[in-house]
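Single-structure report; data block below.
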Amino acid sequence: MKAQLGKLLLPKIPEQFISEQLLINSIESLPIQLNHAVGVYHLPNHHKDPFDRILVCQSQLENLPILTLDPLISQYDVNVIW
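Right, here's the structure in full:
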């Protein structure tokens, strides 16, 4: 979305750039599962952004850290890096 709005410049089209970066950095994508989506219902309403709430739920259920500067995400019971 940021690239589309001109707030983020990518050296290549998003599909190619992201695919390359996942491979170079040994990162795996985590698909959104039903339990991630349903788990959002049980989260406190610290954050209104549905995408960020899904990330919080994935972090909690999969025991994974979140790399973010968003101070609202730090209000949840998740391991925030950065």
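FYI, in the working numbering the residues of the sequence shown are 2 to 83. Beta carbons: idealized from backbone N, C-alpha and C, even for Gly.
Do you know how far the Cα of Ile14 is from the Cα of Ile73?
One detail in the question is off: residue 73 reads as Leu in this sequence, not Ile. Straight-line measurement puts the Cα of Ile14 at about 30 Å from the Cα of Leu73.
To which residues of the same chain is Ile55 closer than 8 Å at the C-beta, ignoring the five residues directly before and after it?
Closer than 8 Å at Cβ, skipping near neighbours: Ile33, His37, Ala38, Val41.
Identify, in the order they occur along the chain, each residue of the same chain with its Cβ nearer than 7 Å to the Cβ of Val79, setting aside the five sequence neighbours on each side.
Val57, Ser60, Gln61, Ile67
Taking Trp83 and Leu65 to be in contact with their CB atoms under 8 Å, please state how far apart those CB atoms are, rounded to whole angstroms.
Not quite, the Cβ-Cβ distance comes to about 14 Å (not below 8 Å), so this is no contact.
Under the assumption that Tyr77 contacts Leu31 (Cβ atoms under 8 Å), give the Cβ distance between them as a whole number of angstroms.
Rounded, the Cβ-Cβ distance is 17 Å, inconsistent with contact.
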